[in-house]
Amino acid sequence: MSSKEGKLSFKHNIKRIFKLLLNYWIILILFVGLGILLKDSRYPGSIKEFLLNFFLLSKSYNGAWWFLQSYVLLVLMSPVLVRFIKNHNSKLIFLGTGILYFLAFIVGIRGNISVDNELALMIYQMMLNLSSCLFSFVLGVIFVKENIIEKIYEVLKTGKRRRVIGAIGIIIIMIINIIVENFVIDPITAVAVIISFKLLEPGKTIKKYWYFPQKIPLIFGLHTCFFT
104 MSSKEGKLSF KHNIKRIFKL LLNYWIILIL FVGLGILLKD SRYPGSIKEF LLNFFLLSKS
164 YNGAWWFLQS YVLLVLMSPV LVRFIKNHNS KLIFLGTGIL YFLAFIVGIR GNISVDNELA
224 LMIYQMMLNL SSCLFSFVLG VIFVKENIIE KIYEVLKTGK RRRVIGAIGI IIIMIINIIV
284 ENFVIDPITA VAVIISFKLL EPGKTIKKYW YFPQKIPLIF GLHTCFFT
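Residue numbering for the sequence shown follows our numbering, beginning at 104 and increasing consecutively.
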C-alpha cells in the first residue's frame with residue numbers, strides 16, 4: 104500500500120484534477136457554444152451561472168455532472184483518508200461509511216429539506232454528494248489494504264478459472280441491475296464489476312492497444328450532454 108500512497112501526493116493529485124478539469128472545460132465550452140448557436144435559453148445563462156458551472160459549484164447545465172465535484176474533493180482528501188483507513192479497523196470504517204451512504208441516499212431520495220440561503224444550499228448539496236461517494240472510495244482503499252484481490256487470486260488458482268468466474272460475475276451483475284432498479288446498491292455492484300473485469304485478465308496485446316480507457320472521462324462527459 105505504501106507504493107500506492109506515493110501517488111497520493113498533493114502535487115500528483117493536483118495534476119490528476121487539472122487533467123480531468125481540462126476535459127470537463129472542453130466539453131462545457133463546446134456545448135455552451137453549441138447551445139448559443141441553437142438558441143437554447145439554458146446556455147450560457149448569466150455570467151454567475153457559467154462561472155458556478157465552470158468551477159463545479161453548480162450542475163445547472165447538466166445534472167449528470169454532479170459527481171465531478173465529489174471526485175475532486177475526494178482526490179484532494181485522499182492522502183488523509185488513506186492514512187486514516189490504513190491505521191484503523193477496516194470493518195468499523197466499512198460499517199460507518201456504509202451507514203453514512205445509506206443515510207445520504209435516504210435524504211437524497213426524500214429531498215424534502217428546504218434550504219433558503221444559496222450558499223447553505225450549495226454546501227448542503229456538496230456534503231450530500233460527497234457522503235454518497237465516500238463509501239465507494241473507502242471500499243476501494245479497504246480492498247487494497249486487505250489485499251482482497253490477491254486473496255481472490257489465491258482461491259482461484261488458474262487463469263482459466265478466474266476468467267470463467269469473471270464472466271459469470273458480469274452476467275450476474277447485469278441481471279441484478281435489471282431486477283433491482285435502485286442505485287442504493289451501486290457501490291457494491293461497482294466493486295463487483297471491477298473484480299469481475301480484473302479476473303477476466305485481458306491479454307498483453309489488448310492492453311497495449313486498448314485506447315478507450317484513457318479517454319473515458321472525455322467520452323462519458325460528451326455522452327451525458329446528449330441526454331440532458
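Ideal Cβ placement from N, Cα and C applies to all residues, glycine included.
Candidates the options: which alpha carbon is nearest residue i's?
| i | options | result |
| --- | --- | --- |
| I209 | T292, H115, I288, A270 | I288 |
| I132 | Y164, F121, K114 | Y164 |
| S299 | V283, G269, T292, I291 | G269 |
| N173 | L203, L231, I251, A295 | This sequence places Ser at residue 173; Asn is not what is there. The residue with the shortest Cα to Cα distance from S173 is L231. |
| A293 | L242, G262, K254 | L242 |
| L123 | F157, K151, I245, I139 | F157 |
| G211 | M229, L222, T200 | M229 |
| F170 | L179, L159, M180 | L159 |
| M180 | L137, K248, I117, G136 | I117 |
| N126 | W168, K248, K151 | W168 |
| P290 | M277, G201, E304, L302 | G201 |
| L177 | L237, E304, L141, G136 | L237 |
| V175 | V267, H115, K142 | H115 |
What separation, rounded to the nearest whole angstrom, lies between the Cα atoms of residue i and residue j?
| i | j | result |
| --- | --- | --- |
| S217 | I129 | 34 Å |
| I281 | I275 | 10 Å |
| G272 | N250 | 20 Å |
| F75 | K189 | As shown, the chain starts at 104 and ends at 331. That puts residue 75 outside it, with no answer to give. |
| L184 | L233 | 13 Å |
| M225 | F240 | 22 Å |
| L203 | I139 | 41 Å |
| I279 | I297 | 15 Å |
| I255 | I120 | 32 Å |
| S235 | F205 | 8 Å |
| K263 | L222 | 55 Å |
| E257 | V247 | 15 Å |
| L302 | Y227 | 39 Å |
| I309 | G166 | Because I309 carries a pLDDT of 49, less than 50, the predicted location of this residue cannot be relied on, and no value is offered for it. |
| I252 | M277 | 21 Å |
| F134 | K151 | 17 Å |
| F153 | P182 | 31 Å |
| G136 | H191 | 49 Å |
| L141 | T261 | 56 Å |
| L155 | D143 | 19 Å |
Assuming residue i is part of the alpha helix (DSSP H), what are its boundary residues?
| i | result |
| --- | --- |
| K232 | Here residue 232 is Asn; the residue named in the question, Lys, does not match the sequence. First-last of the alpha helix (DSSP H) with N232: 221 to 248. |
| H115 | 113 to 140 |
| Y174 | 169 to 189 |
| Y256 | 251 to 258 |
| T292 | 289 to 303 |
| K263 | 262 to 282 |
| L154 | 150 to 157 |
Counting only beta-carbon separations shorter than 9 Å, does residue i have a partner in chain D?
| i | result |
| --- | --- |
| T292 | Any reference to chain D falls outside this structure, which holds one protein chain only. |
Please classify residue i as buried or exposed, where buried requires at least 16 other C-beta atoms within 10 Å of its C-beta.
| i | result |
| --- | --- |
| S161 | buried |
| R265 | buried |
| F187 | exposed |
| N220 | exposed |
| A207 | buried |
| V244 | buried |
| V283 | exposed |
Taking 8 Å as the cut-off, does the CB of residue i come closer than this to any heavy atom belonging to the ligand SAH?
| i | result |
| --- | --- |
| T261 | What this structure holds is no ligand at all, so the ligand SAH is not there to describe. |
Touch test, the stretch 192 to 201 against the stretch 135 to 155, Cβ-Cβ under 8 Å, three pairs minimum:
Between the stretch 192 to 201 and the stretch 135 to 155, the count of Cβ pairs shorter than 8 Å is below three; the stretches do not touch.
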